[in-house]
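Taking mature numbering (1 follows the signal peptide of the UniProt record, and there is no 0), I'd label the letters of the sequence shown as residues -26 to -1, 1 to 443. Heads up, the beta-carbon is just placed ideally off N, CA and C, and yes, glycines get one too. The block underneath contains the structure these notes are about, expressed in structure tokens.
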Amino acid sequence: MTTMRFYYLFCLKSCVLFIAYSSVYAGPTSPPQTGKIPIIHIYADTLPSTDIGLETGRQTKALFPDIEHRYDQHLATIIKPSQYQQLLEQNLPTLLKNMDQAYREELDGVASAWLLTRTNKLGDGLLSLDEYHLLNLLPDLGMAPDGSGLGVMGKASGENGPIVGRNMDWSSSPELRSLQTLTVYHYRDKTIVNIGFAGILSMMTGFNDQGLFLAYFNTEAYSPYQQTYQPPKNVRSAAFETRKALENSHSIKQASHLLSKQAFGFSHAILMADKKTVQVLEYPANGTAKIRTWDSATHTNRPWNRTQQIGVVDCHLLATLPNNCNLVKDSYHWERLRDMAQFSPSQPANVQTVSQILFDTANASYEIFNQYTLESLIFLPVSGSLYLYTTPMNGTHPSSPIHQPYLDLLPTKHRHKSSKYDLNFTLYSWLLLLTMVGIAVWVSLTPSKIIIFHMGFKKFKERLASILK
């Protein structure tokens, strides 16, 4: 009987240890959980650019066998036939010509893994190489996402570092919504996370293992692609340059320096966060990019006055830039963010409070969280924790949307202390589990075995504490 109790105790402790390790590590090929989107891991440290694209293409094709058809249908939904040829013949070639060779090779790699056609025909159920290029460059062709963003830092944050959140509002289709994917690039000395769509290599939202976060916002008052538009000869793709900045920077200062040197076709803003602060890089078309901080002077009719908090909408707010906040939605979103951003050292922000702001629907006509919101997310640069909501395939938001946690996207060596919310949840869960286990075991052991169990359990707690650091 004593031997049976000993083996019972050994198996019980082994099960608990297995659960502990499972709770802090998830394999790279784990299927998506309910309410989450797929995660693709690309181990690119020894691969040339073409092979990186080829591997991306293989994995996305395996996940979505009809991916070409889905993207063709999406293009037919968002592009008018009258615009189609102009985009392909006049706008696309310049962007491709000025793109880094490595990214062009990566695009070719994906194309090699997919079934693409040479015929350009909108809505024919097939995807051509030109149409695939078009999908990657939509933000640079005047079809950039709108949205709202918020950053909280310093003593106004209760999360052991800055908090940054964004809503991406973008015209979508069931096909595009079905292809929402996280792509994690593992290089030799860095990891990049692209929060986007299967097989799309450009980036509108992403972060790296150094805690740098970048998110692209449209700041054109009206959509230029609806008019005749010829890009400048030296124009670069902002969507690919955003990714490049993440691959070559570890701070806002470095990223803003890289992005400010380029010429882009349209006005936009980049919401930027690192482990210390949150800022906005505002870029007026044919102008000079400038940084806006939480205490920068804004246009007199767009005051902010929120300590260690910063907002972003689809127009330029810096007093030194032209005031292009002409749309009612932008004015309302700015004022609404300002009304809700009331954080302070005595009432600091956390994941839950920022989540409430991003899911705000106070105004039925100009909601921050609206029918066009395709994704809503919160990122903690210090811990590398991502909280993400993606719109369901049917396009209807649930009555109680949730920012789902994605806490294991980065390699363990790059993850730091999680948010207080995550830590408390973990500790309370383990406390409950261990209490139940302790009661069950205690009543079944003799005094001598209790001493042995206590010694072993002490070592287990020390090991668990080191894992959760």
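With C-beta atoms as the reference, is residue i less than 9 Å away from residue j?
i: residue 212; j: residue 233; result: yes
i: residue 122; j: residue 301; result: no
i: residue 272; j: residue 127; result: no
i: residue 85; j: residue 142; result: no
i: residue 183; j: residue 385; result: yes
i: residue 346; j: residue 144; result: yes
i: residue 216; j: residue 257; result: no
i: residue 328; j: residue 284; result: no
i: residue 169; j: residue 153; result: no
i: residue 351; j: residue 68; result: no
i: residue 33; j: residue 53; result: no
i: residue 237; j: residue 266; result: no
i: residue 239; j: residue 358; result: no
i: residue 191; j: residue 119; result: yes
i: residue 370; j: residue 349; result: no
i: residue 37; j: residue 167; result: no
i: residue 81; j: residue 42; result: no
Going by DSSP, which residues form a beta bridge with residue i?
i: residue 122; result: 141
i: residue 246; result: 188, 253
i: residue 266; result: 254
i: residue 166; result: 159, 182
i: residue 272; result: 292
i: residue 15; result: 158
i: residue 286; result: 123
i: residue 364; result: 349
i: residue 449; result: Look at the range of the chain in this structure, -26 to 443, and you will see that residue 449 is not part of it.
i: residue 171; result: 154
i: residue 47; result: Note: residue 47 sits in no beta bridge, so no partner.
Alpha carbon to alpha carbon, how far is residue j from residue i? Give it in angstroms, no decimals.
i: residue 342; j: residue 335; result: 6 Å
i: residue 150; j: residue 55; result: 19 Å
i: residue 125; j: residue 324; result: 11 Å
i: residue 162; j: residue 181; result: 16 Å
i: residue 380; j: residue 353; result: 10 Å
i: residue 159; j: residue 224; result: 16 Å
i: residue 25; j: residue 70; result: 19 Å
i: residue 264; j: residue 99; result: 43 Å
i: residue -3; j: residue 382; result: Its pLDDT being 34, under 50, residue -3 is placed unreliably by the model, and the measurement read from it follows with that caveat. Spanning the two alpha carbons is a distance of roughly 8 Å.
i: residue 79; j: residue 28; result: 10 Å
i: residue 40; j: residue 176; result: 21 Å
i: residue 316; j: residue 377; result: 21 Å
i: residue 138; j: residue 114; result: 24 Å
i: residue 18; j: residue 111; result: 23 Å
i: residue 314; j: residue 268; result: 15 Å
i: residue 292; j: residue 270; result: 7 Å
i: residue 281; j: residue 362; result: 26 Å
i: residue 227; j: residue 11; result: 32 Å
i: residue 219; j: residue 129; result: 28 Å
i: residue 295; j: residue 244; result: 15 Å
i: residue 214; j: residue 165; result: 16 Å
i: residue 57; j: residue 262; result: 29 Å
i: residue 400; j: residue 9; result: Here the model assigns residue 400 a pLDDT of 46, short of 50, so the residue's position is not dependable, and the following value carries that caveat. If you take the alpha carbons of residue 400 and residue 9, they lie about 20 Å apart.
i: residue 230; j: residue 241; result: 15 Å
i: residue 298; j: residue 259; result: 12 Å
i: residue 23; j: residue 287; result: 35 Å
i: residue 174; j: residue 367; result: 18 Å
i: residue 31; j: residue 47; result: 19 Å
i: residue 20; j: residue 355; result: 27 Å
Specify whether the segment 86 to 105 and the segment 47 to 67 touch according to this definition: at least 3 beta carbon pairs, one from each stretch, less than 8 Å apart.
Verdict: yes, contact present.
Inspect the CB distances between the segment 295 to 312 and the segment 97 to 105 and report whether three or more fall short of 8 Å.
Too few Cβ pairs lie closer than 8 Å, so no.
Sufficient close CB pairs (3 or more, under 8 Å) joining the segment 70 to 79 to the segment 126 to 141
Contact fails: fewer than three Cβ-Cβ distances are below 8 Å.
Take every Cβ of the segment 307 to 321, pair it with every Cβ of the segment 269 to 287, and state whether three or more of those distances are shorter than 8 Å.
Judged by Cβ distances under 8 Å, the segment 307 to 321 makes contact with the segment 269 to 287, as three or more pairs qualify.
Segments of 3+ residues assigned as beta strand (DSSP E) that fall wholly inside the segment 296 to 361
The DSSP assignment places complete beta strand (DSSP E) segments of no fewer than 3 residues inside the segment 296 to 361 at 347 to 354, in order along the chain.
Runs of beta strand (DSSP E) wholly within the segment 76 to 105 (minimum 3 residues, chain order)
Complete beta strand (DSSP E) runs here, min 3: none at all.
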